[in-house]
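**Q** As numbered in the UniProt record's numbering, residues 1 to 143 make up the sequence shown, in order.
All C-beta atoms, glycine included, are put in the ideal place defined by N, C-alpha and C.
Please read all numbers here as calculations on a predicted model, not as lab measurements.
I am attaching a structure below and will ask some questions about it afterwards.
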Amino acid sequence: MDKIKVLVVDDSAFMRKMISDMINSQPDMEVLDTARDGLDAIKKINSLNPDVITLDVEMPNKNGLEVLREIKDSNVAVIMLSSLTSEGSSTTIEALRLGAFDFIQKPSGSISLDIDKVKEDLVEKIRYAKAHLRKKLKREKGY
């Protein structure tokens, strides 16, 4: 079985490390790489072709919403992982409108020392996102 290939995008090196460790601890997932901002993310999305991206909203150069606008036609599932993406917020609604698959709110702000609280939710949503992507691609190919 192929592993789910994930790109982790966050401007905090600590958050990139914590999120990557959570994902890499799963036998069916692997972090291909990380990106520190939106510009770095766009380059890596195009070169690495990940299945799923975890994407922060607030970042330098290009923010998460700008990245979503730019990749909206690519075959990648995006999970917003941010202190701004609480259910019902305008940022969350805009992210979903732009094609994000789902969102997870960081438990305690942009540098969440307790990010491990969302591990179960994160890995579950990555699996759902990959399954959704598979179905979408099959529909597009007429299977």
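Do you know whose CA, among 96, 78, 101, lies nearest residue 10's CA?
**A** 78
**Q** Alpha carbon to alpha carbon, how far is residue 16 from residue 7?
**A** 10 Å
**Q** Do residue 33 and residue 3 have their beta-carbon atoms positioned less than 8 Å apart in this structure?
**A** No, the Cβ-Cβ distance between residue 3 and residue 33 is not below 8 Å.
**Q** Among 83, 61, 46, 82, whose alpha-carbon lies nearest the alpha-carbon of residue 72?
**A** 46
**Q** For residue 103, which residues does DSSP report across the bridge?
**A** 80
**Q** Short check: CB of residue 95 to CB of residue 142, under 8 Å?
**A** no
**Q** According to DSSP, is residue 98 helix, strand or coil?
**A** coil
**Q** Can you tell me where the alpha helix (DSSP H) with residue 67 in it begins and where it stops?
**A** 64-71
**Q** What is the residue span of the alpha helix (DSSP H) that residue 3 lies within?
**A** Segment: none, residue 3 is in no alpha helix (DSSP H) and carries neither H nor E.
**Q** Am I right that residue 81 and residue 54 are in contact with their C-beta atoms under 8 Å? What's the rounded C-beta distance?
**A** 5 Å
**Q** Going by alpha carbons, who is nearest to residue 61 out of 119, 52, 40, 126?
**A** Measuring from the Cα of residue 61, the nearest candidate turns out to be 40.
**Q** Helix, strand or coil: which one does DSSP assign to residue 31?
**A** strand
**Q** Helix, strand or coil, according to DSSP, for residue 85 in the structure here?
**A** Annotation note: pLDDT 49 at residue 85 (below 50); position unreliable, no value reported.
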